[in-house]
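S.K.: Read in order, the letters of the sequence shown are residues -14 to 172 in my numbering.
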Amino acid sequence: MNNSAIIIDFENHRSRERIRNMGEVFTPEQYVQQLLSTLNSKVWTDETAIFFEPTCGHGNIALPVFMRRVKELKRKFERGGSPKPILVAVANALNTLWAIDICAKNVELTRKRLFEFVLYSLKEEGITLYQARTREFMAHVLCALLWQIHENEALSSIGSASAANQTKVGRDWLKKNAHRPIRQAWQ
């Protein structure tokens, strides 16, 4: 599966208005791949490595990170003799990926793209949703997506409310939602 195969088609998702109002700038795939290639190759199979995307948009960075983690972890678990390496790889990759965005629609699209990749990966391995254990696994996947990919404002979530007040979108977020530091979610 190629992450560019998932088409995002909602009106004006890259409009000048959204760039002006929300500061949205999307990272082209070639830059994402260059960025990921700078990471030490061991990070992809390190089960304790946490990936955090503070402005996930539609998942242009979160999805390739997730895809690469699943691929490399699956390989690792196959070599280790795991009976269902794809399930362990997906679970680990998802449990170590956190992403936020200020726009609820962007969060929804990121979750959708990650979920579609999970479905694709399971299908490629011959795992069907008809099996009771697979349904339980998918319930955990959905819960993780809801918990770990969520709406929040980046500057205040990793810093302070005063940091968020430096931008119009940050001030608007604080007025509507109050200060919600991410570190509280991880405690």
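Think of the CB as a built atom: it goes at the ideal place given N, C-alpha and C, for glycine as much as any other residue.
Could you have a look at residue 125 and say whether DSSP puts it in helix, strand or coil?
M.R.: Three-state DSSP puts residue 125 in a helix.
S.K.: Alpha carbon to alpha carbon, how far is residue 50 from residue 88?
M.R.: Using only the alpha carbons, I get a separation of about 21 Å.
S.K.: Inspect the beta-carbon positions of residue 46 and residue 83 and report whether they are closer than 8 Å.
M.R.: Their beta carbons are not under 8 Å apart, which means residue 46 does not touch residue 83 by this criterion.
S.K.: Report the option in 85, 91, 60 whose CA atom is closest to the CA atom of residue 77.
M.R.: Nearest of 85, 91, 60 to residue 77, Cα basis: 60.
S.K.: Alpha carbon to alpha carbon, how far is residue 91 from residue -6? Give it in angstroms, no decimals.
M.R.: Its pLDDT being 40, under 50, residue -6 is placed unreliably in this model, and the value from its coordinates should be taken loosely. Between residue -6 and residue 91, the C-alpha separation is close to 12 Å.
S.K.: Is residue 85 helix, strand or coil by DSSP?
M.R.: In this structure, residue 85 counts as strand in the three-state DSSP scheme.
S.K.: Would you kindly check if the distance between the Cβ of residue 58 and the Cβ of residue 126 is under 8 Å?
M.R.: In this structure, residue 58 does not lie closer than 8 Å to residue 126 by Cβ.
S.K.: Alpha carbon to alpha carbon, what distance is there between residue 111 and residue 156?
M.R.: For residue 156 and residue 111, the distance between alpha carbons rounds to 48 Å.
S.K.: With a floor of 4 residues, list each alpha helix (DSSP H) that falls wholly inside the region 16 to 86, ordered by position along the chain.
M.R.: List check, alpha helix (DSSP H) in window: 47 to 64, 70 to 80.
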